[in-house]
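Q:
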Amino acid sequence: MPTEPITSAGAWQMPAAGLDNLYAALRSAGYRVIGPQLSGDAITLGELESARELPFGWGVSLAPGGYRVRRRDDSAAFGHSAGPQSWKQFLHPPRERLWSARREGGEFEPEAAPQAAERLAFLGVRPCDLRAIQIQDRVLGGPAHPRSGYANRRAGTFIVAVNCTEPGETCFCASMGTGPEAGPGYDLLLTELAGQSEHSFIVETGSAAGATMLTSLPLEPADPGTLTQARDAVTAAAGQMGRSMQADGLPGLLAASHDAARWDEVASRCLTCGNCTMACPTCFCTTVEDVTDLAGDHAERWQSWASCFDLDFSYLHGGPVRSSGVSRYRQWLTHKLGTWHDQFGSSGCVGCGRCIVWCPVGIDLTQEVAALRAESEAADPPPDGPR
Amino acid sequence: MIGVSPAELAAHSFARGLDDRQVAQLAARAAGIHVPAGERFFDEGGPAARLWLIRTGRVALDLRVPGRGRLIVETLGPGDELGLSWLSPAAQWQFGAVAQEPVSAFELASAAVVELCEADHELGYQLTRRLLGTAISRLQAARIRILDVYAAPGQWAGGKR
Amino acid sequence: MTISAVPSGYRVSASRPETHDTVTLFLEPTGDPIARYVPGQFTMLYAFGVGEIPISISGPAGEHGLTQTIRAVGAVSSALCAATPGQLIGVRGPFGTSWGEADAAGQDLLLVAGGIGLAPLRPALLAALDQRHRYRRIVVLVGARSPAELVFAAELQEWRQRDACVEVTVDKADGTWPGNVGVVTQLLGRADLDPRQTIALICGPEVMMRLTARALLAAGLDRASIRVSLERNMQCGVAECGHCQLGPLLLCRDGPVVSYQVAEPLLAIREL
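See the structure below:
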């Protein structure tokens, strides 16, 4: 146990076994712990019964339209990325009841669905996913939605982020400015050192709640050499990204590209299956529908995930506005990288690469953007000199 | 029938952009008329030989359809030209025209207009441009009306998409 | 004031048929009324067990109750049109941007309505007529499918008496219609407006709004002086379901009333 007073500043280190202490501390603070675990052939997110359930020694091989788990040389617990799910399924569930009402004699009184005081601890949030949570906070949790289910769940969430030292083949967080080092917004931040003789973590706090948790952990002040090693690994990761995206000027590029030929090209491959929107950690669109019992006296309003790739998504006056695949792919990409800025003040993309991995035909948005840029520059070459 | 001064004709939107000499030439061949409500300008099938520039009042273009009675195709009002069919070879009114309200207008014989245009090609070009512009905008309006933009999805021709 | 996700109960106090498929509902709150609304805004109306749709408010701002005009084109709208006095329906709102008719103070105010588009414009017209002295000319041009499909037909004369110039045209006449026959843009020549001193509010099917706006531009109005009311699939009303996007705009929040300067390039993009 540490002999010096705990302050929220500074870096600490703990052995990997300290994860058990962390788990216990979170449980006794009343949190259900959600984290990655090996499930079948993928690393998925689910409720952990102990820290032992983390996928120690498992990594992933990623490619457009390709995902394989593989055995690692070390026993890293967080040496994987771009799993099929993101943390959004816990904060913004795929299906949620908004309210219900019973009709008696023509009268009904809608009752909001009770909101459980959910306390979730997310163990292992990558910097890209941390930013994605903050982006969804902007959309779903702002002042316009104080009583929404999202705001309620978010208020009770504890975040243990993990810096990235080994980006995946499809990652490009560095290009999007979201990693590999975690930005503010976590309660605790871990940096894993697994390749060396001893499997250990650097631990830092980012909040008062995080600082409170430190007292339960087997910490020592971080050894300067170890700390430098950790910092260097994160810095090096920025240069090892599998992909890159030229992100400057994207809103302007996309706003000028509505008639680009590239859309026809990508639409000839796109199945409009919507996998990208399901896997994406920031996609938030939902649809609301009425569900009644057979007698028609009990009605519920249910909100569920929707995708702009659905043909019905833009239904208006007898048919969809966006009926072609071209218009729907264009909508998704233009929104994600362009008009999201107009609507919510930031990009909608965090560079996690999930859409590339989980696209059944392997469409890579970094390539699509490069192609759109090339098409735009061929039509209207930039002037010589610094851009 | 009353004579029309150049100043009176110049006030009509049809004459906008014509020079004084051109306005005077047209005015010399125009007559000022007043048509009471309910009176016909012409019947469908009659020989098309006149052009009117409406100053006030409303004129309805109509068609008789057995079983449906008298149908109004379009109404024209102040600033509009009435009577274009003399421009096509058949020179026959395709619809009837009746004053829905008391109408005041400048009337010209199409033969006089044609003679003027043959003698003065510059004036001929100006008048043709104006009449063509009118025909185009009425064609565009007719096409929009065919689309039935105010219809509900169930009312679209051919059923729902 | 926050907008609830749960509808408030409003009771139908009266139902007035406007045409064979359009009804105006007069609603009274059973509890607290929704927040103060302004012309141009809409609510989400809920029919029990059927669903919820966006409907523009068609009555004057400042009423205790709500006036909403609905055209039966689908399951929810048909259920709402069939609502009888005493029946309870759900209301969420108000949502959206305002016509801003008061910006035409000292100038000419032109309202161009196509079909049921007259319903969302009616609150702006009534607000302007209440302050008639503030405006120079008030001109209302109404286009309808046919004489039988003209909404608020009984009120047109009253608007004329309150010193608005009201001209009506139908796309297709029946045997007895004594008025104009033709598209609504053909009435613009009669409006006698000063294009440099006019604010124009247009509402109707998108095609009609594009044509009307183009005709107004040709007549010399500025894009920034023309406002349209845009429509897309709307579900939440609070900018979190994503359906009502039109390019950078979320129409439940950045619309439905949008300046034509902003709307024109967006409406020109196919399948946006």
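Protein sequence lines, in the order shown, are assigned to chains F, G and R.
Mapped onto this note's numbering, the consecutive letters of the first sequence carry residue numbers 10 to 396.
Mapped onto this note's numbering, the consecutive letters of the second sequence carry residue numbers 218 to 378.
Mapped onto this note's numbering, the consecutive letters of the third sequence carry residue numbers 24 to 295.
Every residue gets a Cβ at the ideal spot worked out from N, C-alpha and C, and that includes glycine.
Identify the contact partners of Arg255 of chain R in chain F, using a Cβ-Cβ distance below 9 Å as the criterion.
A: Taking the first residue of the third sequence as position 1, residue 255 of chain R is located at position 232. Neighbours of Arg255 of chain R on chain F, chain order: Ser323, Leu325, Val330.
Q: Closest Cβ-Cβ distance between Phe117 of chain F and chain R: below 8 Å?
A: Along the first sequence, one-based indexing puts residue 117 of chain F at 108. True, the Cβ-Cβ gap to chain R drops below 8 Å.
Q: Counting Cβ pairs, one atom from each stretch, are 3 or more of them under 8 Å apart for the segment 213-224 of chain R and the segment 353-372 of chain G?
A: no
Q: Quick one: list the residues of chain F neighbouring Gln258 of chain R, beta-carbon separation under 7 Å, in chain order.
A: Counted from its first residue, the third sequence places residue 258 of chain R at position 235. By Cβ distance, chain F contributes Thr296, Val297.
Q: Buried or exposed: which applies to Gly145 of chain R, given that a residue is buried once 16 or more other Cβ atoms fall within 10 Å of its Cβ?
A: As a first step, residue 145 of chain R must be located in the third sequence, where it is residue number 122. In the sequence under discussion, the amino acid at residue 145 of chain R is Arg, which differs from the Gly named in the question. Its Cβ being crowded by 16 or more others within 10 Å, Arg145 of chain R is buried.
Q: Return the Cβ separation of Gly371 of chain F and Gly74 of chain F in integer angstroms, given the expectation that the two are a contact with Cβ distance under 8 Å.
A: Here residue 371 of chain F refers to the residue found at position 362 of the first sequence. Here residue 74 of chain F refers to the residue found at position 65 of the first sequence. Rounded, the Cβ-Cβ distance is 3 Å, consistent with contact.
Q: Identify whether Asp131 of chain R lies in helix, strand or coil by the three-state DSSP scheme.
A: In the third sequence, counting from the first residue as 1, residue 131 of chain R sits at position 108. In the structure shown, Asp131 of chain R sits in a strand (DSSP, three-state: E or B).
Q: Taking Cβ positions only, does Gln91 of chain R come closer than 8 Å to chain G?
A: As a first step, residue 91 of chain R must be located in the third sequence, where it is residue number 68. Closer than 8 Å: no.
Q: Can you give the beta carbon distance from Ile76 of chain R to Ser100 of chain R, rounded, assuming they're within the 8 Å contact cut?
A: Position 53 of the third sequence, counted from the first residue, corresponds to residue 76 of chain R. Position 77 of the third sequence, counted from the first residue, corresponds to residue 100 of chain R. About 6 Å; that satisfies the 8 Å criterion.
Q: Could you spell out the range, first to last residue, of the alpha helix (DSSP H) harbouring Tyr33 of chain R?
A: Start at 1 with the first residue of the third sequence, and residue 33 of chain R comes out as number 10. Note, Tyr33 of chain R: premise wrong, no alpha helix (DSSP H); beta strand (DSSP E) at 31-42.
Q: Mind pulling the chain R residues with CB within less than 8 Å of Thr301 of chain F?
A: For the purposes of this step, residue 301 of chain F is identified with residue 292 of the first sequence, where counting begins at 1. Chain R residues near Thr301 of chain F: Gly72.
Q: Per DSSP, what are the beta-bridge partners of Asp279 of chain G in this structure?
A: The count along the second sequence starts at 1 and reaches residue 279 of chain G at position 62. According to DSSP, which records beta bridges pairwise, Asp279 of chain G is partnered with G:Ile289, G:Gly313.
Q: Would DSSP call Tyr158 of chain R helix, strand or coil?
A: Numbered from its first residue, the third sequence carries residue 158 of chain R at position 135. Here Tyr158 of chain R sits in coil by DSSP.
Q: Inspect the CB distances between the segment 50-61 of chain R and the segment 293-301 of chain F and report whether three or more fall short of 8 Å.
A: no
Q: Among R:Ile161, R:Ala136, R:Gly260, which residue has its Cα nearest to the Cα of Arg183 of chain R?
A: The count along the third sequence starts at 1 and reaches residue 183 of chain R at position 160. The residue with the shortest Cα to Cα distance from Arg183 of chain R is R:Ile161.
Q: Unbroken alpha helix (DSSP H) runs of length 4 or more, entirely within the segment 161-189 of chain F: which are they?
A: 182-185
Q: Just to confirm the assignment: which complete alpha helix (DSSP H) runs, minimum length 4, are found wholly within the segment 143-214 of chain R?
A: 179-184
Q: At 8 Å on the CB atoms, spell out the chain R contacts of Arg104 of chain F, in chain order.
A: Here the question's residue 104 of chain F lines up with position 95 in the first sequence. Per Cβ cutoff of 8 Å: no residues; Arg104 of chain F is ~14 Å from chain R at best.
Q: Tell me which same chain residues have a C-beta within less than 8 Å of the C-beta of Asp131 of chain R, skipping the five on either side of it?
A: For this step, residue 131 of chain R is matched to residue 108 along the third sequence. Cβ within range, chain order: Tyr158, Arg159, Arg160, Ile161, Val162, Leu216, Asp217, Gln220, Thr221, Ile222.
Q: Could you tell me the distance, in whole angstroms, from the CA atom of Glu256 of chain G to the CA atom of Ala316 of chain G?
A: In the second sequence, the residue the question calls residue 256 of chain G occupies position 39. In the second sequence, the residue the question calls residue 316 of chain G occupies position 99. Cα-Cα distance, rounded: 6 Å.
Q: Using DSSP with H/G/I as helix, E/B as strand and the rest coil, what is Tyr324 of chain F?
A: Position 315 of the first sequence, counting from 1, holds the residue named residue 324 of chain F. The answer is strand: DSSP assigns Tyr324 of chain F an E or B state.
Q: I'd like the span of the beta strand (DSSP E) that includes Glu201 of chain F, first residue to last.
A: By one-based count along the first sequence, residue 201 of chain F stands at place 192. Counted as a single uninterrupted DSSP element, the beta strand (DSSP E) harbouring Glu201 of chain F occupies residues 197-202.
Q: Quick check: Gly341 of chain G and Glu332 of chain G, are their CB atoms within less than 8 Å of each other?
A: Position 124 of the second sequence holds residue 341 of chain G. Position 115 of the second sequence holds residue 332 of chain G. Cβ distance not < 8 Å, so Gly341 of chain G and Glu332 of chain G don't count as in contact.
Q: Consult DSSP for Tyr60 of chain R and reduce its assignment to one of helix, strand or coil.
A: Reading the third sequence from its first residue, position 37 is the one you call residue 60 of chain R. DSSP places Tyr60 of chain R in coil when its eight states are reduced to three.
Q: Between Trp122 of chain R and Gly63 of chain R, how many whole angstroms is the CB-CB distance? I'm expecting something under 8 Å.
A: Position 99 of the third sequence, counted from the first residue, corresponds to residue 122 of chain R. Position 40 of the third sequence, counted from the first residue, corresponds to residue 63 of chain R. Yes, they are in contact, since the Cβ atoms of Trp122 of chain R and Gly63 of chain R sit about 4 Å apart, within 8 Å.
Q: Just to make sure I have the definition right: I need the residues of chain R whose C-beta is within less than 9 Å of the C-beta of Phe293 of chain F. Which are they?
A: Position 284 of the first sequence, counting from 1, holds the residue named residue 293 of chain F. Chain R residues near Phe293 of chain F: Glu263, Cys264, Gly265.
Q: Pick from G:Gln309, G:Leu301, G:His229, G:Trp269: whose alpha carbon is nearest that of Gly350 of chain G?
A: Position 133 of the second sequence, counted from the first residue, corresponds to residue 350 of chain G. Here the closest residue by C-alpha is G:Leu301.
Q: Within 10 angstroms of the Cβ of Glu386 of chain F, are there 16 or more other Cβ atoms? Answer buried if so, exposed if not.
A: Residue mapping note: residue 386 of chain F aligns to position 377 of the first sequence, counting from 1. Under this definition Glu386 of chain F is an exposed residue.
Q: Identify which residue in R:Thr92, R:Ala98, R:Gly82 has its Cα closest to the Cα of Ala150 of chain R.
A: Here residue 150 of chain R corresponds to residue number 127 of the third sequence, with the count starting at 1. It is R:Gly82 whose Cα lies nearest to the Cα of Ala150 of chain R.
Q: What residues of chain G sit near Arg213 of chain R, judged by a beta carbon separation below 9 Å?
A: The residue labelled residue 213 of chain R in the question sits at position 190 within the third sequence. Within chain G, the residues near Arg213 of chain R are Gly294, Pro295, Gly296.
Q: For Ile15 of chain F, collect the residues of the same chain with a Cβ closer than 7 Å to its Cβ; drop the 5 residues on either side in sequence, then sort them by chain order.
A: What you label residue 15 of chain F is simply residue 6 of the first sequence in a count that begins at 1. Any reading at Ile15 of chain F must be qualified, since the residue scores a pLDDT of 47, below 50, and its modelled position is unreliable; the value itself is stated next. The residues are Ala220, Leu223, Thr224.
Q: One question on the structure: do Arg81 of chain F and Gly66 of chain F come within less than 8 Å of each other, judged by their Cβ atoms?
A: Position 72 of the first sequence holds residue 81 of chain F. Position 57 of the first sequence holds residue 66 of chain F. Yes, the Cβ-Cβ distance between Arg81 of chain F and Gly66 of chain F is below 8 Å.
Q: Please identify, using Cβ separations under 7 Å, the residues of the segment 106-135 of chain R that lie next to chain F, in order along the chain.
A: Gln110, Leu111, Gly113
Q: Using only alpha-carbon positions, find the residue among F:Arg337, F:Ala110, F:Lys97 that is nearest to Thr166 of chain F.
A: As a working mapping, residue 166 of chain F is identified with position 157 in the first sequence. Checking every option, the nearest Cα to that of Thr166 of chain F belongs to F:Lys97.
Q: Output, in chain order, the set of chain F residues within a Cβ distance shorter than 9 Å of Gly32 of chain R.
A: Taking the first residue of the third sequence as 1, we reach residue 32 of chain R at position 9. Glu116, Phe117, Glu118, Pro119, listed in chain order.
Q: Which residues in chain G have a C-beta closer than 7 Å to the C-beta of Gln209 of chain R? List them in chain order.
A: Translated into the one-based positions of the third sequence, residue 209 of chain R becomes position 186. Chain G residues near Gln209 of chain R: Ala358.
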